[in-house]
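Read top to bottom, the protein sequences are chains D and A. So the first sequence is numbered by my numbering: it starts at 15 and just counts up by one. So the second sequence is numbered by my numbering: it starts at 114 and just counts up by one. Here is the structure we will look at.
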Amino acid sequence: MEEKTIAGAGKPAEDNAEDNITSKKLLNQLMKEHYSQARTAKAQGRTVVWATSIIPQEILEAMDLTVVYPENHAAAVGARKDAPGFIRRAEQSGYSTDICSYARVNLAYAELPHSEAENIPAPDLIFCGSNICCTVIKWYENLARKFRIPMILMDAPCSTAYYVEQENVTYIRRQIEDAIRQLETVTGRKMDRERLLEVMRISNENAMWWKKATDLLAHRPAPACGFDMFNYMAPIVCLRGKKEGTRLFRLWYDELLAKIGRGEGPWQDQPERYRVLWDGIACWPYLSDTYKILKRCGINVVTSTYPESWTLLYEPGDLDGMARAYGSLYVLRSLNYAVDRLSNLASDFAVDGAIFHSNRSCKGMDFKQYEIARRLRDKYSIPSVFFDGDQTDPNAFSLAQYETRVQALLETMENRREQSRKQSREQSRKGAGTK
Amino acid sequence: MFLGVDIGSSSSKAALIDKNGGLIGSQVINQGTGTDAARDIAAILLAAAGVKRQEILYSVVTGYGRMIYRDADAQVTEISCHGLGVARTLPAVRTIIDIGGQDAKVIRLDGEGRVVNFGMNEKCAAGTGRFLEVMARVLGREITALSALAAQSTRPVQISSVCTVFAESEVISQLAAGAAPADVARGAHLSVAARVAGMCGRTGVAPQVAMTGGVALNRDLVDAMAIELGVGIQVPPAPQIMGALGAAYYAQAKYARRPA
Chain D
15 MEEKTIAGAG KPAEDNAEDN ITSKKLLNQL MKEHYSQART AKAQGRTVVW
65 ATSIIPQEIL EAMDLTVVYP ENHAAAVGAR KDAPGFIRRA EQSGYSTDIC
115 SYARVNLAYA ELPHSEAENI PAPDLIFCGS NICCTVIKWY ENLARKFRIP
165 MILMDAPCST AYYVEQENVT YIRRQIEDAI RQLETVTGRK MDRERLLEVM
215 RISNENAMWW KKATDLLAHR PAPACGFDMF NYMAPIVCLR GKKEGTRLFR
265 LWYDELLAKI GRGEGPWQDQ PERYRVLWDG IACWPYLSDT YKILKRCGIN
315 VVTSTYPESW TLLYEPGDLD GMARAYGSLY VLRSLNYAVD RLSNLASDFA
365 VDGAIFHSNR SCKGMDFKQY EIARRLRDKY SIPSVFFDGD QTDPNAFSLA
415 QYETRVQALL ETMENRREQS RKQSREQSRK GAGTK
Chain A
114 MFLGVDIGSS SSKAALIDKN GGLIGSQVIN QGTGTDAARD IAAILLAAAG
164 VKRQEILYSV VTGYGRMIYR DADAQVTEIS CHGLGVARTL PAVRTIIDIG
214 GQDAKVIRLD GEGRVVNFGM NEKCAAGTGR FLEVMARVLG REITALSALA
264 AQSTRPVQIS SVCTVFAESE VISQLAAGAA PADVARGAHL SVAARVAGMC
314 GRTGVAPQVA MTGGVALNRD LVDAMAIELG VGIQVPPAPQ IMGALGAAYY
364 AQAKYARRPA
C-alpha cells in the first residue's frame with residue numbers, strides 16, 4: 015500500500031526500475047508530480063492552498079488539502095531565468111524594486127499565471143506564517159484580496175532573548191489551534207486527529223532524514239556539495255509532510271553514506287581543497303555560475319544556515335513542541351544565538367571560511383550578517399567574504415565582483431593554511447630539539 | 114626579471130622588478146580593460162625599460178581585467194596584490210584603503226604583510242573613482258584638477274545621495290542654485306570619505322594606514338579620509354602601481370616555488 019502513495023504513484027510496485035532510481039531522478043520526478051498533482055486537484059475542484067515555506071503544513075496535509083508554496087515556485091522561476099518578466103510586471107503594478115523578489119515574482123504570477131519554468135494553480139485559501147519574515151504578511155494579504163479568498167495568518171515574534179520564551183510558544187500554539195478551527199470552518203470538515211498525528215510523525219521523520227543527510231557533509235571530504243543541498247530544498251519545502259519525502263531523503267542519505275564508504279568527495283574530477291559555510295539563500299538566477307567559480311577554486315560549500323531552517327523536530331502529538339519548532343527559526347533569533355549557531359556549524363563542519371550572500375530581497379537574513387562576520391573573525395578566526403546578489407532578481411548580482419571576492423577568500427584561506435603548516439613545522443622542530 | 118600587470122576598469126598599470134625585488138620601471142595608462150592599453154601595457158613598459166620579453170622569468174596579472182588578459186603566467190586578485198605591494202613598500206602599514214575606478218577596498222594586513230581581512234564596496238559605484246569622474250565631469254574639470262579645486266572650498270556642500278546617478282543630478286541642482294564649484298568638489302570628497310569610512314568600520318582600522326589607487330593622488334580626498342577616520346594616512350610613492358608591483362612580487366615568489 016505504501017508504494018501507492020510514493021513517487022511514481024499509479025505505477026505498479028513491481029516496477030524494478032523504481033528500486034534502482036537515484037535520489038536525483040526521484041527528486042525531479044517528485045517535484046514534477048507535486049506541481050502536476052496540484053494542477054489536477056484544482057481542475058477537480060479541490061481546495062488549493064498557497065502557503066509560506068516554513069508553515070505548520072501538518073495541519074493542511076492532515077485536512078487533505080493541496081498545498082503549493084509560492085516561494086519555492088518563485089525560486090524555480092528564478093533558477094530557470096524566467097523571473098525578469100514577472101519582476102517588470104510587478105514593478106509596473108506599483109510594487110517597489112526594494113520588495114522581496116519572491117514577492118514580486120509571485121504577485122505578478124498571480125496576474126499572469128503562466129511561466130515556462132513551472133506552473134501552480136490559483137489558490138482558494140492562503141496560509142501565511144510571519145515566522146519567516148514580515149513581508150509575507152502584506153504579500154499574502156494582497157493575494158487574498160486579489161483572489162477574494164480567506165487568509166489564515168500565523169504570527170511569530172522575534173526572540174530578543176537567547177532562548178525562545180514560553181509566551182512566544184504559547185502564542186504560536188494558540189494560533190495553530192485557531193488555524194485548525196478556521197480550516198474546519200472553510201472546509202466544513204472536522205480535523206482527523208489520528209491523521210494529524212500521522213502527518214506529524216512523517217514530517218518529523220522527513221526532517222530527521224534531511225538533517226541526517228545534510229549532516230553527512232561534515233565528513234571530510236564531504237560526499238556532496240552544498241549546492242546539491244540547495245537542489246534538495248525544493249522537496250523539503252514541498253514534501254515535508256508526505257511519505258514520498260521520507261523515501262527521497264533516506265535514499266539521498268544512503269547514497270551519501272555509500273559515497274563516504276567509497277572515499278568519494280563532492281567531485282570526481284578534483285579534490286575538495288577548502289570547505290566553506292554559505293550564509294543566506296542561494297542566488298538562484300546564477301546558481302550554476304556561483305557554483306562553478308567555487309568549484310574552480312576547489313571550494314566546497316559544506317553547510318549553510320538556510321537549508322537547516324527545515325530541520326523542524328518535535329515530539330509528534332505535542333502541539334507545544336511543534337509551536338516551539340516553528341517559532342525557533344534562525345531568522346527569528348537574537349544576534350548572540352546567530353553567532354553561536356554559525357560558529358557551531360563552522361566547527362562541526364570544519365570550515366575554512368564563510369561566504370555571506372548579501373541578498374537584496376531578504377533583509378531578515380541579511381541585517382545581522384556584518385556583525386556575525388565580525389565576531390566569527392575576531393572570536394573564531396574564520397575569514398569571510400560578502401557578495402551582493404538576490405534570490406531571484408538577476409540585476410543585483412555582478413559575476414566579476416563575485417569572482418574577485420571568492421578568489422580573494424581563497425587567497426586568504428591559502429595564506430592561513432600555509433601559515434599554520436609553517437607553525438606546526440616549527441613546533442615539531444622545536445619539539446624534536448628538546449627531546 | 115619579474116613582471117606585474119594590473120588591468121583595472123579605468124586604467125592599466127605594469128611594474129617590472131629585478132631578481133632582488135628592486136623596481137626597474139613602471140607604466141600607467143589611463144585606459145582600462147577592453148582597450149588597446151590593457152593589451153599593450155606590458156610591451157610598452159618593456160620597450161621603455163629596454164627589456165626583452167624573454168628576459169621575464171615569470172609574470173602575474175591582477176585587477177578587474179585579469180580574467181581576459183592572456184599574456185601572464187598566473188593571476189592573483191587585486192586584494193592580495195595591493196597587500197603585498199604596500200607591505201614591501203611601507204612595511205609598518207596594517208590597513209590599506211584602495212579606491213579604484215569601480216570599487217573601493219579596505220585591506221587589513223598582519224605583521225608579515227599577509228591579508229587577514231578585507232572588505233569591498235557593494236555592487237554600486239558609490240564611494241569609488243567612478244563617482245569622482247562623474248563629479249569632475251559635472252564641474253567641467255579634469256579629475257586631476259579636483260584636489261586643487263576642493264582645497265579652495267570654504268563651505269562644502271552636502272551631497273546626500275550615495276547613488277552616483279542621483280548624486281550627479283543633486284550636484285547639478287546645487288550648482289544651478291549657486292553653489293561654488295570648489296564647495297561641490299569638497300562635498301564630493303567628503304561623500305566618498307564617509308562612504309569608505311563605513312567600510313573601514315566593518316573591517317576595522319589598525320594603524321598605520323595607507324591609501325593606494327589613482328584616487329590616492331587626490332590630496333584633498335586623502336585629507337578628508339584622514340579627518341573622517343581620525344588617523345593619519347600615508348600615500349606610497351606612485352600609489353597607482355601598488356597592485357602591479359604586488360603582482361610582480363607574486364611573480365617572483367611563484368617563480369621561486371614553481372615545480373622543478
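All C-beta atoms, glycine included, are put in the ideal place defined by N, C-alpha and C.
DSSP three-state assignment for residue i, whether helix, strand or coil
i	result
A/Tyr362	helix
D/Gln58	coil
D/Asp293	strand
D/Ala21	With a pLDDT of 33 at D/Ala21, under the threshold of 50, the modelled position of that residue is not reliable, and no figure is offered here.
D/Pro26	Because the pLDDT of D/Pro26 is 39, which lies under 50, any placement of that residue in the model is unreliable, and the number read from its coordinates should be weighed accordingly. Here D/Pro26 sits in coil by DSSP.
D/Phe363	coil
A/Leu222	strand
D/Tyr351	helix
A/Gly314	helix
A/Val164	coil
D/Tyr109	coil
A/Lys126	strand
D/Phe161	helix
D/Met77	coil
D/Gln180	helix
A/Asp119	strand
D/Met15	With a pLDDT of 30 at D/Met15, under the threshold of 50, the modelled position of this residue cannot be trusted; read the value that follows with caution. Coil at D/Met15, not helix or strand.
D/His128	coil
A/Asn234	coil
A/Tyr171	strand
D/Tyr288	strand
A/Leu203	coil
D/Thr325	coil
D/Gly99	helix
CA nearest to the CA of residue i, picked from the options
i	options	result
D/Arg60	D/Met77, D/Leu44 and D/Lys46	D/Met77
D/Tyr154	D/Asn120, D/Ile134, D/His128 and D/Ser173	D/Asn120
D/Gly331	D/Val345, D/Arg347, D/Ile216 and D/Pro299	D/Ile216
D/Val290	D/Ala170, D/Pro164, D/Cys114 and D/His371	D/His371
D/Tyr351	D/Asp334, D/His87, D/Thr174 and D/Glu191	D/Thr174
D/Met168	D/Val81, D/Gly240 and D/Gly143	D/Gly143
A/Ser124	A/Asp184, A/Val173 and A/Ile212	A/Ile212
A/Ala319	A/Ala160, A/Asp223 and A/Tyr182	A/Asp223
A/Arg268	A/Ser282, A/Ala280, A/Arg250 and A/Gln287	A/Gln287
A/Gly327	A/Ala239, A/Leu116 and A/Pro350	A/Pro350
A/Ala127	A/Ala310, A/Val284, A/Ala364 and A/Ala339	A/Ala364
A/Gly226	A/Ala238, A/Pro204, A/Phe244 and A/Glu235	A/Pro204
Proximal residues of chain D, C-beta to C-beta of residue i below 7 Å
i	result
A/Phe231	Ala422
Contact list for residue i against chain A, beta-carbon separation under 8 Å
i	result
D/Asp402	Glu235 and Lys236
D/Arg187	By Cβ distance, chain A contributes nothing, its closest Cβ being about 40 Å from D/Arg187, past 8 Å.
D/Ala414	Tyr177 and Met180
D/Tyr4	Because chain D is modelled from 15 through 449, residue 4 of chain D falls outside the range shown and cannot be assessed.
D/Arg391	Asn230
Closer than 9 Å at the beta carbon, the chain D residues around residue i
i	result
A/Val189	Gln421 and Glu425
Where the alpha helix (DSSP H) through residue i begins and ends
i	result
D/Lys257	Lys257 to Gly275
A/Val284	Thr277 to Ala289
D/Leu121	Ser115 to Glu125
A/Val328	Segment: none, A/Val328 is in no alpha helix (DSSP H) and carries neither H nor E.
D/Ser395	Careful: D/Ser395 lies outside any alpha helix (DSSP H) and carries neither H nor E.
D/Asn86	Pro84 to Ala93
9 Å Cβ cut-off: residues of chain A touching residue i
i	result
D/Ala410	Lys236
D/Thr304	Chain A residues near D/Thr304: none, gap ~14 Å exceeds 9 Å.
Rounded distance between the beta-carbons of residue j and residue i, thought under 8 Å
i	j	result
A/Met312	A/Gly198	The Cβ separation is near 20 Å, so there is no contact.
A/Asn331	A/Leu262	Between A/Leu262 and A/Asn331 the Cβ distance is about 10 Å, and since that is not below 8 Å, they are no contact.
D/Leu301	D/His48	Between D/His48 and D/Leu301 the Cβ distance is about 20 Å, and since that is not below 8 Å, they are no contact.
A/Ile137	A/Ala162	6 Å
Opening and closing residue of the beta strand (DSSP E) in which residue i lies
i	result
D/Gly240	No beta strand (DSSP E) contains D/Gly240, which is instead part of the alpha helix (DSSP H) from Gly240 to Asn245.
D/Asp407	From DSSP, D/Asp407 is part of no beta strand (DSSP E); its letter is neither H nor E.
A/Gln140	Leu136 to Ile142
A/Thr208	Thr208 to Ile212
Chain-ordered chain D contacts of residue i [CB-CB under 8 Å]
i	result
A/Arg227	Asn429 and Gln433
A/Ser273	None at all; the shortest Cβ gap to chain D is about 18 Å.
A/Ser124	None at all; the shortest Cβ gap to chain D is about 17 Å.
Listed by chain order, chain A residues near residue i by CB distance under 7 Å
i	result
D/Pro397	Asn230
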